[in-house]
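*Asks:* Dropping the structure in here first, questions after.
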Amino acid sequence: MYIQMKRMLVGILCAFSFLQSSAQLRQQYILKDNWEFRSDKSGADAIWEKVTVPHCWNAEDGITADYYRGTAQYRYHLSILPEMLKKRVFLRFEAVSQVADIFINGIKVGTHKGAFNAFCFEITSLLKKGDNLLEVKVSNSPDNDIAPLTGDFTVFGGIYRPVSLLLLPKTCITPLDYASSGIYIHQDQVDSKRAELSIVTKVNSSQPGKALSVRTSVFNAQGKAIGSTTTTNKSYVKGETAKFINKLNIDRPILWDGCKSPYLYRVFVEVLKGDAVVDTLSQYTGLRYYTVDAEKGFFLNGKPYKIKGVNRHQDREGKGWAISNEDHNEDMDLIKEIGATGIRLAHYPHADYFYSLCDREGMLVWAEIPLIGKANTSSAFTENIKLQLTELIRQNFNHPSIFCWSLFNELSEGEVKNLIGELNDLAHQEDPGRLTVAAANIENRPENKVTDIMAYNTYPGWYWAQPSMMKSSVAHWNRLVGNKGIGVSEYGAGANVWHHQQDVKSAPRTDGIFHPEEWQSIVHEQNYQAISDCNFVWGSFVWNMFDFASASRNEGNLPGLNDKGLVTYDRKIKKDAFYFYKSAWVESPVLHITSKRDVARRDSVTDVKVYSNCENIRLKVNGQECGNPIKRQNIYIWQGIGLRKGENQIEVCGDRDRHVLSEKCNWILL
């Protein structure tokens, strides 16, 4: 067994990257393969099966009403070589849903409660040379002391993000400060002339006390050092975590400017004993400043920058929450393709990898905790939701993409103003440099006036009224917050890409089986037009970028799914509304015929609608020019177009910046 496990470790070393510095001061092994899993759903006789982590036990049943919410067990054999015992050893889980009890060789290491944030334990003293058994007991059962207590999405179970074994020096930048990097880059003052930074580093040592120093250096994107400073602590005490604050100024900084220029600096931190470097770690950051004006909206680096955003849930068809970096990349590629400049990561903390993608791509991020629908008044619930907020902020502190911390979504039950006030104070204490925000859907609740800025979830044209009511709706909500400007955190409508109705005039039954794609498009056209016309709306976020699992739903002929996405759950089909936004938001040429999937037609006279940002748009039906369309910004409509029996060829063309585009489809009149 020992030889087999040694070979396995060598394989891990070859297959996965290290967090490393000179002389490999710190090492990270990703524990991916050779896990064993057993669900308690099958009782004591359940068979252990081989799985890889990330793993989600609701990958298949997560879109069924009776999906398994219960307990399960994981185990993994750690082979520890003698040289590894010379280091400090930590286990870091990026997320486990939602309660995890960790054991090493039968001894309990600790418990973590909360489905979305990372947690880390030191296991140095529990390890022995050779084989060591890691056991993880997991539960995604409903728990009245852990948010979310409710929500319109499936709460998948499992170790669904990566697990790392960290080998760190005896004196190291601690990974135990709420599983953060241990480095916090405070942007005390930033503008185009000067950036004043305070870099806080937390260091812990298991060795006898000796004077420690922390040297912090900043490098630009080309790798050139542009500043360095050192702080020394001469009274360091063994076992305590010491905080070092290094201040640095950068003259004429290159600002992180959203999608236009997401410029990143590297902050390199070294821990020294005397002249010897004992630990190092890098963090990336972008330098930026922003404000929200009550009348003119969002400003990034002193310039108007209206946030054109989408919401995102993290689950995938056949995977649940256990998604890969390739999945994250595909989601980002689709969000970039549509031309979005912001993302609300609903309704919980997302993967660190995705936040880093947002940094690199210049996406402004709304980050939030899973306080949804209602809160429990127990002290245990309060303690846990504060823990989840602290973890969210500390673990993601250095991501320049994040501009706000969201404290709740659609609270509708109980007296929670005091709790939200405490969370608001905690957020400002943890991070004085960012705004707090929340998303409400019920008027005049007292907690709606607690956060720095406010946003509302509103669905004119779907759950109430006609889509044209969006303009009066946002004006109304703005008045409710004292005319200080608002965001629209959710809006939209459901659509099944195989459901069509050309003469649709009003919303279908939202809980019914028929959700025509055409109505979703109409809702977005009229809703977004109203939003874009209101300067006091600092940002808006389409609900949702992708269809996602909501096990309690049964509508649109898609059981277990919320079908309000602009892209299908499997990411294979972009709905017509996707192209509405793409044609409105991107600079590159876009030309799209709507209702292309409605191939079998029964009406001999129809409208033809095209989304485009091109010029000289022309339509031909069966080779015949169809004259001039009605144009509303990026929407072109030819009314009363006649179809002949059988097959009809629809062709549209246009040009933009010397690029000629054309698109065709066939409709069959029955």
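Numbered per mature numbering (1 follows the signal peptide of the UniProt record, and there is no 0), the sequence shown spans residues -23 to -1, 1 to 647. Glycine included, each C-beta is placed from N, C-alpha and C at the ideal position.
How long is the line joining the alpha carbons of Asp480 and Glu392, rounded to whole angstroms?
*Replies:* In the sequence shown, residue 480 corresponds to position 503, counting from 1. In the sequence shown, residue 392 corresponds to position 415, counting from 1. Approximately 45 Å between the Cα atoms of the pair.
*Asks:* Hey, quick one: how far does the beta strand (DSSP E) through residue 667 stretch, first residue to last?
*Replies:* Residue 667 lies beyond the stretch modelled for the chain, which goes from -23 to 647, so this question has no answer here.
*Asks:* If you run the structure through DSSP and keep just helix, strand and coil, what is Gly286?
*Replies:* Locating residue 286 in the sequence shown gives position 309, counting from the first residue. Gly286: strand per DSSP, three-state reduction.
*Asks:* Cutting at 8 Å between CB atoms, please list the residues of its own chain near Val195, excluding the five before and the five after it.
*Replies:* Working through the sequence shown from its first residue, we reach residue 195 at position 218. Once the five neighbours on either side are set aside, the close Cβ partners of Val195 are Leu174, Ala202, Ile203, Gly204, Ser205, Leu225, Ile227, Tyr242, Arg243, Val244 and Phe245.
*Asks:* In the DSSP assignment, what residue or residues form a beta bridge with Arg65?
*Replies:* Position 88 of the sequence shown, counted from the first residue, corresponds to residue 65. Its beta-bridge partners are Leu145.
*Asks:* How many whole angstroms separate the CB atoms of Asn625 and Leu638, which I take to be in contact at a CB cut-off of 8 Å?
*Replies:* Taking the first residue of the sequence shown as position 1, residue 625 is located at position 648. Taking the first residue of the sequence shown as position 1, residue 638 is located at position 661. The Cβ separation is near 21 Å, so there is no contact.
*Asks:* Would you kindly work out how many angstroms separate the C-alpha atoms of Phe523 and Gly459, rounded to a whole number?
*Replies:* As a working mapping, residue 523 is identified with position 546 in the sequence shown. As a working mapping, residue 459 is identified with position 482 in the sequence shown. C-alpha separation (whole angstroms): 33 Å.
*Asks:* Could you give the C-beta distance for Tyr558 and Val587, rounded to a whole number, given that I count them as a contact under 8 Å?
*Replies:* By 1-based counting over the sequence shown, the position of residue 558 is 581. By 1-based counting over the sequence shown, the position of residue 587 is 610. About 15 Å separates the two Cβ atoms, so there is no contact after all.
*Asks:* Can you check which of these residues, Ser517, His477 and Ile284, is closest to Met447 by C-alpha distance?
*Replies:* For the purposes of this step, residue 447 is identified with residue 470 of the sequence shown, where counting begins at 1. Selected option, being the one with the closest Cα: Ser517.
*Asks:* Check whether the segment 409 to 429 and the segment 377 to 389 touch, using three or more Cβ-Cβ pairs below 8 Å as the test.
*Replies:* yes
*Asks:* What is the C-beta distance between Glu99 and Arg65, in whole angstroms, given that I count them as a contact (C-beta under 8 Å)?
*Replies:* Your numbering for residue 99 matches position 122 in the sequence shown. Your numbering for residue 65 matches position 88 in the sequence shown. Between Arg65 and Glu99 the Cβ distance is about 6 Å, and since that is below 8 Å, they are a contact.
*Asks:* Can you give, in chain order, each stretch of the alpha helix (DSSP H) that sits fully within the segment 547 to 590 and has at least 4 residues?
*Replies:* Those alpha helix (DSSP H) runs which fall completely within the segment 547 to 590 and span 4+ residues are 553 to 562.
*Asks:* Kindly indicate the opening and closing residues of the beta strand (DSSP E) around Asp632.
*Replies:* Translated into positions along the sequence shown, residue 632 becomes position 655. First-last of the beta strand (DSSP E) with Asp632: Gly623 to Arg633.
*Asks:* Secondary structure at Tyr505, three-state DSSP: helix, strand or coil?
*Replies:* Locating residue 505 in the sequence shown gives position 528, where the first residue counts as 1. The answer is helix: DSSP assigns Tyr505 an H, G or I state.
*Asks:* Using C-beta distances below 7 Å, list every residue in its chain close to Asp580, excluding the 5 sequence neighbours before and after it, in chain order.
*Replies:* Counted from its first residue, the sequence shown places residue 580 at position 603. If we look at Asp580 and ignore the five residues flanking it on each side, its Cβ neighbours are Gln479.
*Asks:* Does DSSP put His527 in a helix, a strand or coil?
*Replies:* Against the sequence shown, residue 527 aligns to sequence position 550. The question names His, but residue 527 is Ser in the sequence shown. Of the three classes helix, strand and coil, the one that applies to Ser527 here is coil, per DSSP.
*Asks:* Kindly give me the distance between the Cβ atoms of Thr178 and Ser190, rounded to whole angstroms, as I take these residues to be in contact under 8 Å.
*Replies:* Along the sequence shown, read from residue 1 onward, the residue named residue 178 stands at position 201. Along the sequence shown, read from residue 1 onward, the residue named residue 190 stands at position 213. The pair is not a contact, with the Cβ atoms about 11 Å apart (cut-off 8 Å).
*Asks:* What is the rounded straight-line gap between the Cα of Ala470 and the Cα of Ile24?
*Replies:* Counted from its first residue, the sequence shown places residue 470 at position 493. Counted from its first residue, the sequence shown places residue 24 at position 47. When rounded, the distance between both Cα atoms is 43 Å.
*Asks:* Let me confirm a value: Ala554 is counted as buried when at least 16 other C-beta atoms fall within 10 Å, else exposed. Which label applies?
*Replies:* If you number the sequence shown from 1, residue 554 lands on position 577. That one is buried.
*Asks:* The beta strand (DSSP E) spanning Phe221 covers which residue range?
*Replies:* Working through the sequence shown from its first residue, we reach residue 221 at position 244. From DSSP, the beta strand (DSSP E) with Phe221 extends over Thr218 to Asp228.
*Asks:* So, with DSSP's three-state summary, where would you put Ser445?
*Replies:* By one-based count along the sequence shown, residue 445 stands at place 468. Here Ser445 sits in helix by DSSP.
*Asks:* For the beta strand (DSSP E) that contains Leu277, what are its first and last residues?
*Replies:* Counting from 1 along the sequence shown, the entry for residue 277 is found at position 300. Where Leu277 is concerned, the enclosing beta strand (DSSP E) stretches over Gly274 to Leu277.
*Asks:* Mind listing, in chain order, the continuous beta strand (DSSP E) runs of no fewer than 3 residues lying wholly within the segment 69 to 123?
*Replies:* Those beta strand (DSSP E) runs which fall completely within the segment 69 to 123 and span 3+ residues are 76 to 81, 84 to 90, 96 to 99 and 107 to 116.
*Asks:* Strictly by DSSP, which residues pair up with Arg293?
*Replies:* Counted from its first residue, the sequence shown places residue 293 at position 316. Answer by DSSP bridge pairing, in chain order: Gly297.
*Asks:* From the DSSP output, read off the bridge partner residues of Gln166.
*Replies:* Taking the sequence shown and counting its residues from 1, one reaches residue 166 at position 189. Under DSSP, Gln166 takes part in a beta bridge, and its partners are Glu173.
*Asks:* Which first and last residues belong to the alpha helix (DSSP H) in which Lys394 is found?
*Replies:* On the sequence shown, residue 394 is found 417 positions in, with the first residue counted as 1. Lys394 -> alpha helix (DSSP H) spans Lys394 to Glu407.
*Asks:* Contact between the segment 249 to 256 and the segment 283 to 296 is defined here as three or more beta-carbon pairs at a separation below 8 Å; is this criterion met?
*Replies:* By the Cβ rule, the segment 249 to 256 does not count as touching the segment 283 to 296, because fewer than three pairs are nearer than 8 Å.
*Asks:* Using CA atoms only, rank isn't needed, just tell me which of Trp496, Glu307 and Pro377 is closest to Met340.
*Replies:* In the sequence shown, counting from the first residue as 1, residue 340 sits at position 363. That would be Pro377, whose Cα lies nearest to the Cα of Met340.
*Asks:* Nearest by alpha-carbon distance to Asp122: which of Glu307, Gln365 and Val28 is it?
*Replies:* Sequence index remark: in the sequence shown, residue 122 carries index 145 (1-based). Nearest of Glu307, Gln365 and Val28 to Asp122, Cα basis: Gln365.
*Asks:* Thinking C-beta only, is Ser158 closer than 8 Å to Leu8?
*Replies:* Sequence index remark: in the sequence shown, residue 8 carries index 31 (1-based). Sequence index remark: in the sequence shown, residue 158 carries index 181 (1-based). No, the pair does not count as a contact, with Cβ atoms beyond the cut-off.
*Asks:* For a quick check, are the C-beta atoms of Met309 and Glu338 less than 8 Å apart?
*Replies:* Counting from one through the sequence shown, the residue named residue 309 turns up at place 332. Counting from one through the sequence shown, the residue named residue 338 turns up at place 361. Going by C-beta atoms, Met309 is nearer than 8 Å to Glu338.
*Asks:* Skipping 5 residues on each side, what residues in its chain have a beta carbon closer than 6 Å to that of Pro347?
*Replies:* Along the sequence shown, one-based indexing puts residue 347 at 370. Counting only Cβ-Cβ distances below 6 Å, and skipping sequence neighbours, we find Ala124, Pro125, His324 and Tyr325.
*Asks:* Might you give, ordered along the chain, the residues of its own chain that have their beta carbon closer than 6 Å to the beta carbon of Ala561, omitting 5 neighbours on each side?
*Replies:* Position 584 of the sequence shown holds residue 561. Closer than 6 Å at Cβ, skipping near neighbours: Asn611.
*Asks:* Using the C-alpha atoms, what's the distance from Glu640 back to Ile570?
*Replies:* Here residue 570 refers to the residue found at position 593 when the sequence shown is read from its first residue. Here residue 640 refers to the residue found at position 663 when the sequence shown is read from its first residue. C-alpha separation (whole angstroms): 7 Å.
*Asks:* What does a CB cutoff of less than 6 Å around Ser(-2) pick up in its chain, not counting 5 residues either side in sequence?
*Replies:* Counting from one through the sequence shown, the residue named residue -2 turns up at place 22. The predicted model places Ser(-2) with a pLDDT of 36, which falls under 50 and marks its position as unreliable, so this point remains unresolved.
*Asks:* Give the C-beta separation of Asp336 and Tyr267 to the nearest angstrom, bearing in mind that I take them to be a contact with Cβ-Cβ under 8 Å.
*Replies:* As a working note, residue 336 is residue 359 in the sequence shown. As a working note, residue 267 is residue 290 in the sequence shown. The Cβ separation is near 15 Å, so there is no contact.
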